[in-house]
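Numbering (the working numbering), first residue to last: 48 to 187.
Beta carbons are placed, not taken as given, at the ideal position from N, Cα and C, and that holds for glycine.
So the structure is just underneath, and the comments pick up after that.
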C-alpha cells in the first residue's frame, strides 16, 4: 500500500475550471461544533456539478478516487468559496483538485482535495473516452 496523500498545494499544472460560493448551513455542523468532514465531499460534488452544468453536460462522470487534506475547521456561520481544478486529461480520466477557502478572506484555506474523475456511459455501465468537445476545453 502506498503512503496516504497529504496534499499541500494545488499543482501548478492544474487549471482552474470552476469557482462557486456556498453558505454553510447549521445542519452541516456536527456535535463538535464544526462542519462535519463528510460535508466537504458534498461541497466537492457540488462544484463538479456546477462545472458540468456550466459546460452544458450533465452527470457523465464517476469519481474513481477522492481524498481530502483538512487544514482548518469551518465554523458556522460562514460562506465558503470552492475552487475546482483539472489536470491534463488522459484517454478516459482526468485528475481533479479542490480548494475550499473563506469567501471573505482568501488567505484562509480550510481544505485541499484531490481525486480522479472518469467519463462514464451509465447506460452501458462502462468508462468511455473523454468527449472531444470536453477534451478541447481541457487542452493546454
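**Report entry** Integer Cβ distance of residue 54 from residue 159, believed to fall under 8 Å
**Finding:** 4 Å
Query raised in the report: With respect to the beta strand (DSSP E) encompassing residue 116, which residues constitute its N-terminal and C-terminal limits?
Result: 108–117
Query raised in the report: Where does the unbroken beta strand (DSSP E) through residue 146 begin, and where does it stop?
Result: 140–149
Requested in this report: Find out if the Cβ-Cβ distance for the pair residue 127, residue 149 is shorter than 8 Å.
Outcome: In contact: residue 127 and residue 149 (Cβ atoms closer than 8 Å).
Requested in this report: Below 8 Å on the Cβ atoms is my guess for residue 94 versus residue 131; work out the distance and round it to an integer in Å.
Outcome: 4 Å
Query raised in the report: Does the beta-carbon of residue 135 have 16 or more other beta-carbons within 10 angstroms, so that it is buried, or is it exposed?
Result: Around the Cβ of residue 135, a 10 Å sphere holds fewer than 16 other Cβ atoms; the residue is exposed.
Query raised in the report: What residues are listed by DSSP as bridge partners for residue 133?
Result: 62 and 143
Query - Touching by the beta-carbon criterion (3+ pairs, under 8 Å), the stretch 104–114 and the stretch 74–83 - result: no
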